[in-house]
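Heads up: the structure comes next, in structure tokens.
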Amino acid sequence: MQVIRSPKVYDVVVVGSGAGGGITAKVLTEAGAEVCMLEAGPEWDQGRDGKMLGWPYDSPRRGASTERPFGEFDAAWGGWQLDGEPYTSAPGSQFDWFRARMLGGRTNHWGRISLRWGPDDFRRKSIDGVGDDWPFTYDDIKPYYDKLDEFVGIFGTNHAAETGLHNEPDGKFQPPPLPRAYELYFKQAADRLKVACVPARLSILTKPLNGRAACHYCAQCGRGCTTHSNFQSTTVLLPPAMKTGKLTIVTGAMAREVLSNDEGKATGVSYIDTATGEEKAVQGRIVVLAASACESARLLLNSKSARFPNGLANGSGAVGQNLTDSTGASLSGFIPKMVGMPNYNEDGTGGMHLYMPWWLNNVKDKLPFPRGYHIEPGGGRHMPGFGFMGGIDRHPGGSGGGYGKGLKEEYRRLWGATIGFAGRGEMVANKDTYMDIDPNVVDKWGIPVPRFHWKFGDSERLQARHMMETFKALIEEMGGTVLGKIPGAEQDYGLAAGGRIIHEAGVVRLGDDRKASALNKYCQAHEVKNLFVADAGPFVSQADKNLTWTIMALAWRTSEYIAEQRKALAI
Amino acid sequence: MNRRKVLKVLGAAPAMVGIAWTEAEAQQAHQHAQQAKKSAAAAKAPYKPKYFTPHEMATVTALTNLIIPKDERSGNASEAGVPEFIDYMMIDQPDRQTMMRGGLRWLDSECRKRYGQPFVKSTEAQQTEICDALAYPAKAKPEHSHGVRFFSAVRDLTATGFFTSKIGIADLDYKGNTFVPKWTGAPKEALDHLGVSYEPLGKWYTESM
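Protein sequence lines correspond, in order, to chains V and A. The numbering of the first sequence is my numbering, which starts it at 2 and goes up by one. The numbering of the second sequence is my numbering, which starts it at 14 and goes up by one.
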């Protein structure tokens, strides 16, 4: 098939339109660059495509997850399985790979939990001897977290001084929303158990910012916000980039390969036009991959040439290695005290108003695992949805099943008297967990697909056990009863399979050592000076914190570096 | 390249230059959003089941109305459209079909064995008796296990169907899914019920309080 090559040469070609791609487009167009952004999925507009303020009865399936993993009303066009876009797992491995195919990527539906990493998170090996340190410190990244706080907007509080949690650094926060009643109730229990419980940090506006309205507290951030009150790439990052007149967005462009020349420089990206199936190419002086960690690694591994037989920028063999996801486990409890609570609208923002950051720092000698986890609580009275109070026959506050007027009354009585806790912790990279290219399988576009190799260690299992013990203690401290059975050792203590927490990282690692990393500390390929990565691929480690704020901080720093280097004619 | 199209979409976003919601604006925006969502719900012809036979539909209707009957506060399952919802789900998630069709047949066989009639033709007392036998998994007889499993599945679907309907949401008095101009937290009665207070949170919340 003939490749249709557009004659125009852009300053920058960016693959991906989510958190990393959005920041790259904003910063570089504002610096004067002509940027072409490739997005595999279609356009998405929350006004046209979103389901904010819809009711479950607007749909005959009442929001069931038949077609979307987080339910019909969720703003994710994508999932762990996509038609015609398979991936494989090595024997004995399970890894579930989530992809959103839409403008803005996963920023459209994510949880907006925006946790700034702390000083320890960049130097864990120095602290506990496991994994690796980053080649720079928190202080190098801090200015970019500050810029994000101010430009994107985030609510929260500075609580390091009050709590003594030095690894939860201060930021530039909008005021946090008052907690819901049940949140104060679990805070009481947490206080008694000496578990830190503080205002959450979510990228949702509680005050107007840059022409975006403050939150209207419908709790539906995950459906796409028509008032642009939360962070998503399409409403916060792409509009200022478009305003410069220097951003060209190509949707339906499934990147296939990074093109390079004999001098070892990237020259552009070839992609499949998903509407016609034609292979096309766009040329650029600089290429930035922000396609999501595993998609960017796949692109590099699939970009082979005589000069780069192991894939582009992969002389080190580091591309695909060091794959991690956050650890995750969750448990819910029935809280009798919440039965009969006076009813009010407790929707609030689309997520928790209080949370528990990791509170056991520096007690590694007493814990049987390195690193830690934070806790994301939820509960109370939500808009009813598909699966409403399912399994009531097993509910500890109920009568064991039944039917009729008594059952109807039981549903009313028990509705919302539940609190759940989800732990999100730090996995340490290991040599058995990585991705490569499956030698036998291509997707419907003809692009070879990744093969995942996954192995949790005892560190992760014991972390999950600790989560379960903590959740149970919190539930019982509130006078509650655990719902269901607490998973034991034979079920890895409820530890979610790799990829289920959707925090995959590390497969295009950065570092000072060219033999052990693909990128330098500016996320620039050691071997290809005009090639950069701006998603979670470059991460040297996870943290017990979500990735997005750090993806964007690194992308912002990388983009400034690109702008400076271009000015200096270095690349 | 569809740059122009993207520009248009992004440009169509509401122009809200640095304002917080006033009560009136919030109301207006809410009504606008609700109206936009309504179009589909208009003219209604009598429902024709897509999966169930007429006999099955009659059985599901009778069963779900026994599970969620009318009371002082709200109507029953069929007034909330539960049988139609369950019928829809059989096509939407075909994995449920065998359990449902097989379960309905199991129920009729059991009723014929006991009462000489299928479930819908059984008397009210007989229907109550069979439901009592199936509705409490922990107390049910082992020989009824298939019926118990079926009954639990129908109860779960009935709860979803009823409480996600307009009358079910009104029954629960769910107060959300609406524009809130200013978030003021929980009312005092709710705080008192749990024995909690905003007082000790101190300076973290001074701006909101």
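Using N, Cα and C, we set each Cβ at its ideal position, and we do this for glycine too. Just so you know, these numbers come straight off a predicted model, no measurement behind them.
Residues in its own chain within less than 7 Å of residue i by CB, not counting five upstream and five downstream?
i, result
"Ala497/V", "Gly329 and Ala330"
"Asp171/V", "Asn159 and Ala161"
"Arg181/V", "Glu347, Gly349, His354 and Gly381"
"Pro209/V", "Ala215"
"Thr245/V", "Thr30 and Glu31"
"Asp388/V", "The sequence as given places Gly at residue 388/V; Asp does not occur at that position. Cβ within range, chain order: n/a, list empty."
"Val153/V", "Ser204, Phe232 and Val237"
Can you pull the chain C neighbours of residue i, defined as C-beta to C-beta under 7 Å?
i, result
"Ala203/A", "Although the question refers to chain C, the structure presented lacks it and instead comprises the protein chains V and A."
Does any CB atom of chain V fall closer than 9 Å to the CB of residue i?
i, result
"Phe192/A", "yes"
"Thr197/A", "yes"
"Cys144/A", "yes"
"Leu79/A", "yes"
"Lys154/A", "no"
"Pro200/A", "yes"
"His206/A", "yes"
"Met102/A", "yes"
"Val209/A", "yes"
"Thr72/A", "no"
"Leu185/A", "yes"
"Gly181/A", "yes"
"Gly174/A", "yes"
"Ser122/A", "no"
Taking only the alpha-carbon atoms, compute the straight-line gap between residue i and residue j and give it to the nearest angstrom.
i, j, result
"Gly132/V", "Glu44/V", "39 Å"
"Leu238/V", "Glu31/V", "11 Å"
"Ala53/A", "Tyr356/V", "At Ala53/A, the pLDDT of 44 sits below 50, so the modelled position is not reliable; the number obtained from the coordinates is stated separately. Roughly 40 Å separates the two Cα atoms."
"Met243/V", "Thr249/V", "8 Å"
"Arg1/V", "Ala571/V", "Because chain V in this structure spans residues 2 to 572, residue 1/V falls outside the shown range and cannot be described."
"Leu147/A", "Leu120/A", "10 Å"
"Lys281/V", "Gly253/V", "11 Å"
"His375/V", "His167/V", "15 Å"
"Arg63/V", "Ala191/V", "36 Å"
"Glu35/V", "Ile287/V", "11 Å"
"Ser94/V", "Tyr435/V", "11 Å"
Cβ of residue i less than 9 Å from any chain A Cβ?
i, result
"Ile393/V", "yes"
"Trp557/V", "no"
"Ser234/V", "no"
"Ala65/V", "yes"
"Cys216/V", "yes"
"Arg413/V", "yes"
"Thr350/V", "yes"
"His383/V", "yes"
"Tyr562/V", "no"
"Ala220/V", "yes"
Round the Cβ separation of residue i and residue j to the nearest angstrom and send it over; I've been treating them as touching at under 8 Å.
i, j, result
"Val13/V", "Leu39/V", "Not confirmed; about 11 Å, so no contact."
"Thr25/V", "Ile205/V", "Incorrect: roughly 23 Å between the Cβ atoms, too far for contact."
"Asn323/V", "Ala430/V", "4 Å"
"Trp455/V", "Gly391/V", "With 8 Å as the limit, Trp455/V and Gly391/V do not qualify as a contact, their Cβ atoms being about 30 Å apart."
"Arg202/V", "Leu116/V", "6 Å"
"Asp493/V", "Phe457/V", "7 Å"
"Gly72/V", "Ser18/V", "With a Cβ gap of about 23 Å, Gly72/V and Ser18/V do not count as contacting."
Which same chain residues end up closer than 6 Å to residue i when comparing Cβ atoms and leaving out the 5 residues on each side of it in sequence?
i, result
"Arg567/V", "none"
"Lys432/V", "none"
"Phe533/V", "Val289, Cys524, Gln525 and Thr559"
"Phe163/A", "Gly116"
"Gly21/V", "Ala291, Ala535, Asp536, Ile552 and Ala556"
"Lys445/V", "Gly85"
"Gly386/V", "Pro57 and Gly64"
"Met41/V", "As written in the sequence, residue 41/V is Ala, which differs from the Met given in the question. For Ala41/V, where only same-chain residues beyond five positions count, the Cβ hits under 6 Å are Arg102 and Met255."
"Pro369/V", "Leu463"
"Lys50/A", "With a pLDDT of 49 at Lys50/A, under the threshold of 50, the predicted position of this residue should be treated as unreliable, and no value is reported."
Once the 5 residues before and after residue i are set aside, which same chain residues still bring their CB inside 8 Å of it?
i, result
"Ser90/V", "Phe96, Arg452, Phe453, His454 and Trp455"
Worksheet item: Between the region 164-184 of chain A and the region 57-68 of chain V, do at least 3 Cβ pairs fall closer than 8 Å?
Response: Put simply, the region 164-184 of chain A touches the region 57-68 of chain V. At least three CB pairs are less than 8 Å apart.
Worksheet item: Any chance the region 531-551 of chain V sits against the region 506-516 of chain V, with 3 or more Cβ pairs inside 8 Å?
Response: The region 531-551 of chain V and the region 506-516 of chain V touch, with no fewer than 3 CB-CB distances between them shorter than 8 Å.
Worksheet item: Do the region 397-409 of chain V and the region 289-303 of chain V touch if we need at least three Cβ pairs shorter than 8 Å?
Response: Flag = no, the region 397-409 of chain V and the region 289-303 of chain V do not touch.
Worksheet entry | Cβ pair count under 8 Å reaching 3, the region 463-470 of chain V against the region 414-421 of chain V | Touching, no, given that fewer than three Cβ pairs across the two stretches are closer than 8 Å.
Worksheet item: Can we say the region 470-488 of chain V touches the region 510-523 of chain V, given the rule of at least three CB pairs closer than 8 Å?
Response: They do not touch, by the three-pair rule.
Practice prompt. Answer yes if the region 333-345 of chain V comes into contact with the region 193-212 of chain A, meaning at least three C-beta pairs across the two stretches below 8 Å, and no otherwise.
Written response: The region 193-212 of chain A is in contact with the region 333-345 of chain V.
Worksheet item: Taking one C-beta from the region 259-268 of chain V and one from the region 298-316 of chain V each time, how about it: are there three or more such pairs within less than 8 Å?
Response: Contact between the region 259-268 of chain V and the region 298-316 of chain V is present, with at least three C-beta pairs closer than 8 Å.
Worksheet item: Taking contact to mean at least 3 C-beta pairs separated by less than 8 Å, is the region 87-100 of chain A in contact with the region 162-176 of chain A?
Response: Taking 8 Å as the limit for Cβ pairs, the verdict is that the region 162-176 of chain A does touch the region 87-100 of chain A.
Practice prompt. Spell out a yes or no on whether the region 75-87 of chain A and the region 101-111 of chain A are touching, meaning 3 or more CB-CB pairs, one atom from each, closer than 8 Å.
Written response: Result no; under three Cβ-Cβ pairs closer than 8 Å.
Discussion item. Quick check: the region 97-109 of chain A against the region 64-71 of chain A, are at least 3 beta-carbon pairs closer than 8 Å?
Written reply: With a cut-off of 8 Å on Cβ pairs, the region 64-71 of chain A is in contact with the region 97-109 of chain A, counting three or more such pairs.
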